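Accompanying notes for the structure given below.
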Amino acid sequence: MMRRPRLPRVEWSRAVAALRSVRTRRRAVQAVMAGCVLALLPSAWMHAVAADRLRTTAGAPSAEVAVVFGAGLLGSRPTPYLADRLDTAAELYRTGKVKVVLVTGDNGRHDYDEPDAMRRYLTAHGVPDERIVSDYAGFDTWDSCVRAKEIFGVERALLVTQGFHIRRAVALCQAAGLESYGVGVADVHDATWYYGETREVFAAGKAALDAAFKPAPRFLGPKEEGVSRALAALAD
Numbered sequence: 228m229m230r231r232p233r234l235p236r237v238e239w240s241r242a243v244a245a246l247r248s249v250r251t252r253r254r255a256v257q258a259v260m261a262g263c264v265l266a267l268l269p270s271a272w273m274h275a276v277a278a279d280r281l282r283t284t285a286g287a288p289s290a291e292v293a294v295v296f297g298a299g300l301l302g303s304r305p306t307p308y309l310a311d312r313l314d315t316a317a318e319l320y321r322t323g324k325v326k327v328v329l330v331t332g333d334n335g336r337h338d339y340d341e342p343d344a345m346r347r348y349l350t351a352h353g354v355p356d357e358r359i360v361s362d363y364a365g366f367d368t369w370d371s372c373v374r375a376k377e378i379f380g381v382e383r384a385l386l387v388t389q390g391f392h393i394r395r396a397v398a399l400c401q402a403a404g405l406e407s408y409g410v411g412v413a414d415v416h417d418a419t420w421y422y423g424e425t426r427e428v429f430a431a432g433k434a435a436l437d438a439a440f441k442p443a444p445r446f447l448g449p450k451e452e453g454v455s456r457a458l459a460a461l462a463d
């Protein structure tokens, strides 16, 4: 009976090494694919939550409050992106979609005050000062959502921000217990827009963690009655 020829020791070692190399590459590919899937899960979650809650300005439902998220200042004036958000909020007010505008932004330094800049812009564009309420501790989207609900007592709101941010805003406010509909500002596809779109890929992961673990805002503070007073004044 003929025996199968045995591979020399060197060739056998090479065959084993080649097999291990194939397995290593396969595992690396599988790990990369798994990582990609995990990375996309937060974005998929945001899109699922916000899917039926996005509206145009004309198609937005009525709500007592619009929440406008800060988007930076140029000196003491709103950036063009923030001005677009404020223009949309002013239109919602003029058309009777909302009664009060809650402006939420960063006032972490004495020389940087988003809410007051937002208030000045809105009053200059036809929104009465007494219909504007300022949240000076809206340091990020999660903080703004939690504070709108827990500090200002908002139960239902229209959220005003750019299209690249609107899904995250809606998903986080929903997670914070604030019934929300997003009104996306018309996007201008400039360098800032591309930066915002790219940033959202990474921000989605933090958003998912915030929604899951519900951390306390950087500053919660006592309850404020600005929104309830503004609404009560309308009823008088």
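Residue numbers for the sequence shown follow this note's numbering, so the first one is 228 and each next one is one higher. Backbone N, C-alpha and C fix where the C-beta goes; we use that ideal spot for every residue, glycine too. Every value quoted in this text rests on a predicted model; they were computed, and no experiment measured them.
For residue i, name the three-state secondary structure that DSSP assigns.
i, result
"residue 442", "coil"
"residue 320", "helix"
"residue 361", "strand"
"residue 354", "coil"
"residue 373", "helix"
"residue 451", "coil"
"residue 304", "strand"
"residue 269", "helix"
"residue 287", "coil"
"residue 216", "A query on residue 216 cannot be resolved here, the shown segment of the chain reaching from 228 to 463 and no further."
"residue 429", "helix"
"residue 311", "helix"
Alpha carbon to alpha carbon, how far is residue i from residue j?
i, j, result
"residue 414", "residue 298", "14 Å"
"residue 462", "residue 452", "15 Å"
"residue 340", "residue 313", "15 Å"
"residue 430", "residue 445", "17 Å"
"residue 448", "residue 362", "11 Å"
"residue 428", "residue 270", "7 Å"
"residue 288", "residue 378", "24 Å"
"residue 432", "residue 425", "13 Å"
"residue 421", "residue 390", "12 Å"
"residue 293", "residue 365", "15 Å"
"residue 285", "residue 323", "11 Å"
"residue 333", "residue 375", "14 Å"
Assuming the contact rule is C-beta atoms closer than 8 Å, residue i and residue j should be a hit. Round their C-beta distance to whole Å, please.
i, j, result
"residue 409", "residue 277", "6 Å"
"residue 281", "residue 411", "6 Å"
"residue 279", "residue 369", "About 22 Å separates the two Cβ atoms, so there is no contact after all."
"residue 290", "residue 383", "5 Å"
"residue 273", "residue 347", "Actually they do not touch by this definition, with Cβ atoms about 32 Å apart."
"residue 459", "residue 357", "With a Cβ gap of about 11 Å, residue 459 and residue 357 do not count as contacting."
What does DSSP give as the partner residues of residue i in its beta bridges?
i, result
"residue 336", "339"
"residue 293", "328 and 385"
"residue 281", "409"
Within this structure, are the beta carbons of residue i and residue j separated by less than 7 Å?
i, j, result
"residue 360", "residue 329", "yes"
"residue 399", "residue 434", "yes"
"residue 419", "residue 296", "no"
"residue 344", "residue 305", "yes"
"residue 373", "residue 454", "no"
"residue 331", "residue 371", "yes"
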